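Here the protein sequences line up with chains A and B, keeping their order. Start counting the first sequence at 20; every next residue gets the next number (this note's numbering). Start counting the second sequence at 8; every next residue gets the next number (this note's numbering). Just so you know, even glycine gets a beta-carbon here, dropped at the ideal spot from N, CA and C. Just so it is clear, the structure is predicted and the values come from calculations on it, not from any experiment.
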Amino acid sequence: MPERTRSLTAAKLSADHLATALAPRSSSPTGKSLSVTGLCKSYGGTTVVDGVDMDIAAGEFVTFLGSSGSGKTTTLMMLAGFTEPDSGAIAVDGRDITKLNPGKRDFGFVFQQYLLFPHMTVAENVAFPLTLRGVPKAEIRRRVGETLEAAGLSKFAGRKPRELSGGQQQRVALCRVLVYRPPIVLMDEPLGALDKRLRDQMQTEIKSIQRELGLTVVYVTHDQEEALVLSDRIAIMKDGRIEQFDTPRGLFERPRTPFVADFLGAANFLTGNVEEGGADDCTRVRLDTGGVLTARAHPCMPGQSVRAAVRPGKLRLVGAEEGCCSGTVETAVYVGSLTRITVRLDGGAPGTQPLRIETAAVPPRPGERVCVTADRDDVSVFDATDGG
Amino acid sequence: MAGTALAPGKVRVKTSAMRGHRSRLALVNAVPVTVFLLVLFVYPIIGVLSLSLKGDSGAFTLHWYADALSGVNLSVLLSTLRISAETAVLSLLVGFVLAHAIARMRPAFAALAMLIVVVPHFISALVRTYGWIIMLGEHGLINTLLISLHVPGAPFSLLYNETGVVIGTTSVMLPYTVLVLQGVMRGVDGRLLAAAAGFGASRFTIFRRIYLPLVAPGIGTAGLLSFILCLGYYITPALMGGGKQTVVAALIDQQVMQQDQWNSAAAFGVILLLLTFAGLGGLGLAKLRHKKAAARRSSS
Chain A
20 MPERTRSLTA AKLSADHLAT ALAPRSSSPT GKSLSVTGLC KSYGGTTVVD GVDMDIAAGE
80 FVTFLGSSGS GKTTTLMMLA GFTEPDSGAI AVDGRDITKL NPGKRDFGFV FQQYLLFPHM
140 TVAENVAFPL TLRGVPKAEI RRRVGETLEA AGLSKFAGRK PRELSGGQQQ RVALCRVLVY
200 RPPIVLMDEP LGALDKRLRD QMQTEIKSIQ RELGLTVVYV THDQEEALVL SDRIAIMKDG
260 RIEQFDTPRG LFERPRTPFV ADFLGAANFL TGNVEEGGAD DCTRVRLDTG GVLTARAHPC
320 MPGQSVRAAV RPGKLRLVGA EEGCCSGTVE TAVYVGSLTR ITVRLDGGAP GTQPLRIETA
380 AVPPRPGERV CVTADRDDVS VFDATDGG
Chain B
8 MAGTALAPGK VRVKTSAMRG HRSRLALVNA VPVTVFLLVL FVYPIIGVLS LSLKGDSGAF
68 TLHWYADALS GVNLSVLLST LRISAETAVL SLLVGFVLAH AIARMRPAFA ALAMLIVVVP
128 HFISALVRTY GWIIMLGEHG LINTLLISLH VPGAPFSLLY NETGVVIGTT SVMLPYTVLV
188 LQGVMRGVDG RLLAAAAGFG ASRFTIFRRI YLPLVAPGIG TAGLLSFILC LGYYITPALM
248 GGGKQTVVAA LIDQQVMQQD QWNSAAAFGV ILLLLTFAGL GGLGLAKLRH KKAAARRSSS
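Structure, rendered in C-alpha cells:
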C-alpha cells in the first residue's frame, strides 16, 4: 500500500497545480450563468421531473441532492442535452440552448462511469476534445502535458485507461474535461464508484479547481456530506421537484418543508396547535404532549394544528423552566464527542417516536426525569398537512 | 517507472507459480482433447504432408509443389486468392452495414433479423447456389429487373465468371461476418459514443475515431474468417464459375476424382493450409504492430 499512499499525497499537492496550470490565459472569467425554467420530463406517463426552476450564477457550485428516483440525474441529462425535455427552457448567459445538441453546448461532462475511450491512451483521451476544436498539434501536446503533469498523471500518459485504478481514471476524466476549459461542467456522481478516503481527497481537488478557475459546476449526488462539502447552493430534490434551493446553512437552519428538515440531518417532529398572543416575529406552539415551544414566525392562524421540527443537537435539557416539556430518559449512548439520548415525553401517545437529543454536557441517566426546550431560532414550524 | 517496476514483478512471480500448479491439473483434463486432436487432426495432416513430398517411387521430391506453383496451376492459385480477397472485402462491407443495423435494433427485431441472415445457411449449399443461378442468369430476376428499369448495359453477365463466383461466395460468408461483427458491435458501450458527442464530435468523427477502432478487432477477425473459409470453398465456385473459373478446391477434386493423382492434391492441400496460417500470422502481426505503434506514439 505505500504506492497508494504516495499517489494520494502527490494528488493532494497537485490539486492547486492543476488549477494554476489550467487557469485561463485571458482575463475573462471562465464560468457562465445557467438558468432553467419550468423543466418537465415524463417517461410513459410517469413524471420524472416536474417543473424545475433555478438560476445558477456564473462560477457557482450547485448540487442536486436527492435519493434515487428523485429526478436529479434526469434534470442533469436535460441540462447536458442528452435527454430532451418535454417542456421548459434552459439558457446559458441568457442565450436559449434548449434545442441545442450536447456537443454544441460546450459543456464539460464527468460521469460516474468515467467513460474514458478504452482504445486510446490517457494522453490521447485528454487530447480528444482539443483535437475536435482544431487546436494546433504542438499546442495540444503542451496543454495535455501540462494538465497531466498538474494532476500527477504524467507517468500514466502512455497507458490505457484499464491499466489505471478507479481514482486515477476519474482524474483522467476530469483532466479530459478541464483541458478545454468549458464554462459549465456537469458532473453525475463522479465519485460514486470510489472508496471513502479517495472520495474525500477528490472532493477537495474538485472544489479547489472549481474555485480557482471560477467554473460553474452542476453536480449530482445522493451523498449529503459530499453536497455540503462542495456546494455553494444545494437543490434538494424529491419526486421530480426542487423542495428547497438554498445554501447549506440555509437548508440546515431554515428548512422550508418537513422533508428537507428530516432529509438533511435528522429532525424531531412535535405536533401541536398555534397559541394566541405570540409576538409579531414569533409563533408559539402548544404541544400535544404539554409544554410550549416558541418558533420563528410562521404564517398561520391561532388554533391551527402544526408540526414543529427541532434538530437533535438543538434540543436543550433544562431544569424546570416555564413551558418546557417534561419526560423520562430512555437511553443514553456515548458516541465520543457527544451523547445521544432518547427522551419519552410524558403526554406522548403510545407508539410515537421518543425525542432524539444530542448533548455534549454531562448526560442524565436512563430513567431520570428531564425537561426539554429549544431556542426560538432552532424551531421550524410546518402546517400539519405538509407531507414529509 | 523505476519505482513501480518492483511491485508488478512480485505479482508476476506469484501468478506464474500459481499457473504452474494449475497447468499440471489442466494437463490431466486435456488428455481426451489431446488424443482426439492427435488422431483426427495431427495424424491426417502429417499423412497429407508426407504424401505431398513423395514421388511415384516413394522417394522424397518437391516435384508436386513445383508443379502446383507453375503454369496453369499457379494462375488458378492466384485467382483463388483474388476471389477470396474480393469475397472477404465484399462480405465485410455488406456485413458491416447489416450488423450495424442489427446491433442498433431492439432485441426482438434484432433476433428476427439475425434469423433472416442465418437461416439460409441451414439450407443445403447446393440449393442456395441454384437459387443464385436462377436469380443471376441472363433472363434471371435481376437482369429482367435491370432491363425493365432501362439500366444502360443490361443484361449483365453475372454468372459463370468471377463476378458470379464472388456473389455466390459472399452470400455464403455473409452470416459469419454478420455474426462476428454484430457481436463486437453489441459490445460497444453506447455511452462512450454519447460522451464523444458531448465533447462536440460530429457523427463522422465519432464513427472514425471511436466506433471504428472499437470494432476493428471484429473487422479483422471477420475478414480473415471469410478469406480463409473461401480459400477452400468448393461447391459455389464450381457451379457458379461454370468450369471457366476454376479454384484450388476444384483443382484438388479434379486431381483426386479424375486423375487419381493424390500426391499433387496433397501438395495443393498443404499450400492452402500454409496460406491459412499466413493469414492468421498476418492478422497477429498487424495487431502486434498496432500495439507497438500505440506504445511508441504515447511514449514520445
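Just verifying my parser: in three-state terms, what is the DSSP assignment at Q189/A?
Helix.
What residues are listed by DSSP as bridge partners for Q263/A?
Per DSSP, I255/A.
To the nearest whole angstrom, what separates the beta carbons of P121/A and G88/A, a pair I think is in contact under 8 Å?
Not confirmed; about 24 Å, so no contact.
Please determine, among P331/A, T56/A, C343/A and D365/A, the residue with the shortest C-alpha to C-alpha distance to R359/A.
Nearest option by C-alpha distance: P331/A.
Taking the C-alpha atoms as reference points, what is the distance between M192/B and F136/A?
So the alpha carbons of these two residues sit roughly 15 Å apart.
Judging by CA-CA distance, which residue of F401/A, V67/A and V325/A is the nearest neighbour of T276/A?
Checking every option, the nearest Cα to that of T276/A belongs to F401/A.
Can you tell me whether K299/B is buried or exposed? The criterion is at least 16 other CB atoms within 10 Å of its CB, across all chains shown.
Exposed, by the Cβ-count rule.
Give the secondary structure of E387/A by DSSP, where H, G and I count as helix, E and B as strand, and everything else as coil.
E387/A: coil per DSSP, three-state reduction.
In whole angstroms, what separates the C-alpha of V204/A from that of G269/A?
Roughly 24 Å separates the two Cα atoms.
Contact between the region 103 to 115 of chain A and the region 151 to 167 of chain A: three or more CB pairs below 8 Å?
Short answer: they don't touch.
Counting only C-beta atoms, is L199/B closer than 8 Å to chain A at any point?
For L199/B, the answer is yes, since a Cβ of chain A falls inside 8 Å of its Cβ.
In chain order, what residues of the same chain have a beta carbon less than 6 Å from the beta carbon of P148/A, not counting five sequence neighbours either side?
Once the five neighbours on either side are set aside, the close Cβ partners of P148/A are Y199.
Are the C-beta atoms of H138/A and some chain B residue less than 8 Å apart?
It does; some Cβ of chain B falls within 8 Å.
Leaving out five residues before and five after Q131/A in sequence, what residues of the same chain have Cβ atoms less than 7 Å from its Cβ?
Contacts found: D207, E208, P209, G211 and A212.
Taking Cβ positions only, does L172/A come closer than 8 Å to chain B?
With 8 Å as the cut-off, L172/A does not count as an interface residue toward chain B.
Tell me the DSSP secondary structure of N292/A in three-state form.
Reduced to three states, the DSSP call for N292/A is strand.
DSSP state of N287/A, grouped into three classes?
Residue state, collapsed to three classes: strand.
Out of V329/A, L95/A, T302/A and A379/A, which has the shortest C-alpha to C-alpha gap to Q323/A?
Nearest C-alpha to Q323/A: T302/A.
Please check the pair L249/A and F80/A, which I expect to be a contact at CB under 8 Å, by giving their CB distance rounded to whole angstroms.
Yes, they are in contact, since the Cβ atoms of L249/A and F80/A sit about 6 Å apart, within 8 Å.
Taking 7 Å as the cut-off, is the beta-carbon of Q261/B closer than that to any non-hydrogen atom of the ligand GDP?
With respect to the ligand GDP, the structure offers nothing, as it holds no ligand at all.
Does the structure place the region 143 to 157 of chain B close enough to the region 220 to 229 of chain B that three or more beta carbon pairs sit under 8 Å?
Counting Cβ pairs under 8 Å, fewer than three are found: no touch.
Please report the distance separating the alpha-carbon of F348/A from that of V325/A.
Per the sequence shown, the amino acid found at residue 348/A is Val instead of Phe. Roughly 25 Å between the two C-alpha positions.
For T243/B, count the other beta carbons within 10 Å of its own beta carbon; 16 or more makes it buried, fewer makes it exposed. Which is it?
Buried, since its Cβ has 16 or more Cβ neighbours within 10 Å.
Answer with buried or exposed for P274/A, where buried requires no fewer than 16 other C-beta atoms within 10 angstroms of its C-beta.
Buried.
Using the C-alpha atoms, what's the distance from G63/A back to L119/B?
Spanning the two alpha carbons is a distance of roughly 26 Å.
Between the region 181 to 207 of chain A and chain B, which residues of the former have a C-beta closer than 7 Å to a C-beta of the latter?
So nothing in the stretch comes that close.
For the region 114 to 138 of chain A, which residues have a CB atom closer than 9 Å to at least one CB atom of chain B, in sequence order?
Listed by position, the residues of the region 114 to 138 of chain A near chain B (Cβ gap below 9 Å) are N120, P121, G122, K123, R124, D125, F126, G127, F128, F130, Q132, L134, L135, F136, P137 and H138.
Any beta-carbon of chain A closer than 8 Å to the one on I217/B?
Yes, contact with chain A.
Taking C-beta pairs closer than 7 Å, name the residues in chain B that L151/A reaches, listed in chain order.
F206, G207, A208 and T212, listed in chain order.
Indicate whether at least one CB of chain B lies closer than 8 Å to the CB of F147/A.
Yes, contact with chain B.
With DSSP as the reference, label L290/B as helix, strand or coil.
Helix, per DSSP.
Per DSSP, M97/A is paired with what?
None; M97/A has no bridge partner.
Can you give me the C-alpha to C-alpha distance between D365/A and L306/A, rounded to a whole angstrom?
Using only the alpha carbons, I get a separation of about 12 Å.
Check the Cβ of A212/A against every Cβ in chain B and list those closer than 8 Å, keeping chain order.
Simply none; closest approach about 14 Å.
Could you check what DSSP says for L45/B in three-state terms: helix, strand or coil?
The answer is helix: DSSP assigns L45/B an H, G or I state.
Using the beta-carbon of each residue, which ones in chain B are nearer than 7 Å to A99/A?
Those within 7 Å of A99/A in chain B are G205.
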